[in-house]
Each structure stands twice: as structure tokens, then as C-alpha cells.
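Q:
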Amino acid sequence: MKKFFAITATVAIVAMAGSAFAATTSTDLTVSASVSAACVASTTTHIDFGALDPINDGVTTLASSKTSPGAINVKCTQGTSYTLSTPATATIANGAATITYTPVYSAAANSGLVAGANHTIDASVDKTAYATAPAGAYSGTLTVTVTY
Amino acid sequence: MRSKALTTALALTIVARLLLSPGSAQGGSTTDQLQAAAIILGKGKCSFVTPGPYAINFAPALNPFSAIDRSASVAFSVNCTGLGNGVSAVIVDRVGANQLYLSKGSDTIPYSLNLPTSAPVTNNNPVTVSLTATIIGNAYQNAPTGNYSDTITINVMP
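Keeping their order, the protein sequence lines are chains C and W.
Just so it is clear: in the first sequence, position 144 is 144 by the numbering used here, and no numbers are missing.
Just so it is clear: in the second sequence, position 38 is 1038 by the numbering used here, and no numbers are missing.
#1: By Cβ distance below 7 Å, which residues in the same chain neighbour A107(C) in space, the five residues on each side in sequence not counted?
#2: Since T1145(W) and V35(C) are thought to touch, with beta carbons under 8 Å apart, how far apart are those beta carbons, to the nearest angstrom?
#3: I want to see whether chain W comes within less than 7 Å of L29(C), judged by CB atoms only; does it?
#4: With distances taken Cα to Cα, identify the nearest neighbour of L1203(W) among N1124(W), S1071(W) and Q1035(W).
#5: Tell me, to the nearest whole angstrom, how far the beta carbon of L1131(W) is from that of L1113(W); I am working on the premise that it is less than 8 Å.
#6: Hey, out of D126(C), S68(C), Q78(C) and Y138(C), whose CA is closest to L113(C)'s CA?
#7: What would DSSP say about P1064(W), mapped onto helix, strand or coil?
#8: In angstroms with no decimal places, state the Cα-to-Cα distance between R1094(W) and Q1033(W).
#9: Does chain A have any CB closer than 7 Å to the CB of A41(C)?
#10: Which residues of chain C have a Cβ atom closer than 8 Å to the Cβ of I1109(W), listed in chain order?
#11: If contacts are defined as beta-carbon pairs under 8 Å, then P1064(W) and A38(C) qualify, I think. What distance do you get, rounded to the angstrom?
#12: G1044(W) and G1105(W): beta carbons closer than 7 Å?
#13: Tell me which same chain residues have a C-beta within less than 6 Å of the C-beta of L1062(W), skipping the five on either side of it?
#14: Hey, how far is the Cα of V1087(W) from the Cα of P1158(W)?
#15: Which residue marks the beginning of the beta strand (DSSP E) containing K1104(W), and which one marks its end?
#16: Helix, strand or coil, according to DSSP, for G1052(W) in the structure here?
#17: Using 7 Å as the limit for Cβ to Cβ distance, is N1160(W) near chain C?
#18: May I ask which residues mark the beginning and end of the alpha helix (DSSP H) holding S65(C)?
#19: Examine chain W for any beta-carbon lying closer than 7 Å to the beta-carbon of A129(C), and answer yes or no.
#20: Just to confirm before moving on: does the CB-CB distance between V1090(W) and V1156(W) stay below 7 Å?
#21: Please state whether the Cβ-Cβ distance between T89(C) and G140(C) is less than 7 Å.
#22: So, using beta-carbon positions, are P180(C) and Y105(C) closer together than 7 Å?
#23: Could you check what DSSP says for A51(C) in three-state terms: helix, strand or coil?
#24: Kindly indicate which three-state DSSP category T1153(W) falls into: helix, strand or coil?
#25: Just to confirm, are S124(C) and T147(C) a CB contact at a threshold of 7 Å?
#26: Select from V40(C), T132(C) and V59(C) the residue whose C-alpha is nearest the C-alpha of A97(C).
#27: If contact means a Cβ-Cβ distance below 8 Å, which residues of the region 63-80 of chain C contact chain W?
#28: Across which residues does DSSP place K75(C) in a beta bridge pair?
#29: Taking the alpha helix (DSSP H) that Y130(C) belongs to, which residues open and close that run?
#30: Using a Cβ-Cβ distance under 7 Å, would A1139(W) count as near chain C?
#31: Go through its chain and collect everything with a Cβ distance to N73(C)'s Cβ below 6 Å, but skip five positions before and after it.
#32: In whole angstroms, give me the CA-to-CA distance for A23(C) and T1153(W).
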């Protein structure tokens, strides 16, 4: 019986020491981050009017009716709203000779997809724009702006 | 509670003595081994020199189209007093051991928190503790735009 009481007393003292001296202090830590709205665009197809015929073409010619419209792929952070825009008109040139055309596309707002979305950028050219143009190959660059 | 425990222990001891008492009619002995264990509790108390809460902010913002591993840190000082003999470290941990997530509504970004499990400390001599949070690149490459956050509890003790 003596041993039993001695052991019991020791356990009690250790337990009391724990509650009296061991101390934990706590604080909150906030971790935060923002995911930015971002978009990247790349050209998948160039605009190609093919051969323009000042005599036999209609009043207006779309690139899509000749060879191919252009297309860009836009990838944006999921849910990012964006719109496309271009200059009202653009030109293709052959030396000093130029032909003015009009980009045709949808300017409606889009909701971004990480997987990307393709947008067709067609172009329209009036026959009057090349009625007197010298024969030859014309080219130029159209800037498409993605605003988000 | 303690008296109940004593009563229970006493009853068990009596039973044990009854069982272990050598019978007068039968000789012999038996032995057994008991395992003993103890937890040495640290004395003293540690506190944050500058009261919390603390913050870790990933800046600049995460760009899913340039999704690289990102880390951000915070450092704070801990001062300990009343340390007993043999206590030479402050223990730092967080509440819970679950995977950590930054969240924005139902959208989440997993992250990890690296904290020192212990840091050397002496009485009344503040020690700096640094915590680093890490987000791996592919954890946010598909994350929707917006602000994400999480709050956890950090503990310090001798």
C-alpha cells in the first residue's frame, strides 16, 4: 500500500506542474493572394483576300469569300471579361501603293477561358479601293487589341 | 475528479493485492514488467513581441499565364520568460495538420506553410521566427481572377 500511495502522489504533482507552468500563446496568421486578370492572344490564321479582280469582283469583297478570314485565339484568366478591337480601317501595301480595307469581327464582350477561345477576324474591301491599284502582292499588319 | 480517481486506483490496488497475495497453500512466484512513461513539460511562457495577427501576402498578384512557384514570408519575434532548466527552444506550430487552401468563395488554391518546429531561445532574449508560405505554379494556373485568403492559428510554447 505504501508504494501505491507514493506513485499516486508523484503523478498528481506532475499534472499540477503541467497546468501551472506550460503555456501556449497563439495568434492568427492571414495568408492572402490575388489572381490577376490576364489574357494572352495569338494569331492562328492570317487574313488572306487572295486575288482581287478590279473588273469581275463585286462591289465589296470579304476575305472569307475569297481565301480565308483571319483568326486569333484568346486565353484569359477564368472569368475575365474582355473585348476585341481593331482600327476602323487598315491598309495593305505594295511599295507606295496601298489598299484600304475594313476589319469585320464581333466586338461583343467575352468571358475568359483558360482553354482559350477562337475569334474570327474577317476583312472587307471595296472594289473602289483597288480599282486603280497596280498589280502585285500587297500585305500589311492588322493589330487586334484585347481589352480586359 | 481527483478523489474519484484515487478511489478507483485504491480499489484496483486492493483487487491487485488480493490477486497477487501468495496463497498459503500454494508456493511460487511470478514476475511481470511494467512500462513507465513521462512527458517533461516545459516551464515558462513565450509571447509575441509584437502582438498579432500577422499576415503573409503574395505580391505581386499571381499570373496564371506565368504560373511559377511562389513564396512569401513573414517574420516575428518571440520572447520567452521563466524558462526552466533544460528548456532551450521555443516550439512553433499551427492548429491542425490539414492541407491548407486559400479560398475565394468555392474557388481554392492549395498552399503549404513552412514553419520552424523549434527555434533556440533563452530567457528574456527575443528570437526571430520566420514563416514561409508557398504556392506551386500548377496550383493556380486555372484559378479564376480574384482575391483569395485563409486564416490559421499559430502557437508558440516553450
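The beta-carbon is built from N, C-alpha and C at its ideal position, and this holds for glycine as well.
A: If we stick to the structure as given:
#1: T83, L84 and S85
#2: 5 Å
#3: yes
#4: Within the shown structure, residues of chain W are numbered from 1001 to 1158, placing residue 1203(W) beyond reach of any answer.
#5: 6 Å
#6: Q78(C)
#7: helix
#8: 38 Å
#9: The chain inventory of the structure shown lacks chain A, comprising the protein chains C and W.
#10: A33 and V35
#11: Right, their Cβ atoms sit about 6 Å apart.
#12: no
#13: Setting aside the 5 residues that flank it on each side, L1062(W) is surrounded in the same chain by Y1140, each with a C-beta closer than 6 Å to its C-beta; the list follows chain order.
#14: In a straight line, the C-alpha of V1087(W) is about 7 Å away from that of P1158(W).
#15: L1100 to K1104
#16: coil
#17: Any property of residue 1160(W) remains undetermined from this structure, which presents chain W solely from 1001 to 1158.
#18: A63 to K66
#19: With 7 Å as the cut-off, A129(C) does not count as an interface residue toward chain W.
#20: Their beta carbons are under 7 Å apart, which means V1090(W) touches V1156(W) by this criterion.
#21: no
#22: Because chain C spans 1 through 148 in this model, residue 180(C) falls outside it and cannot be assessed.
#23: Annotated three-state conformation of A51(C) is coil, per DSSP.
#24: strand
#25: Contact flag unset, no.
#26: T132(C)
#27: K75, T77, Q78, G79 and T80
#28: V40(C)
#29: K127 to Y130
#30: No - not a single Cβ of chain C is within 7 Å of the one on A1139(W).
#31: S42, T44, G116 and N118
#32: 15 Å
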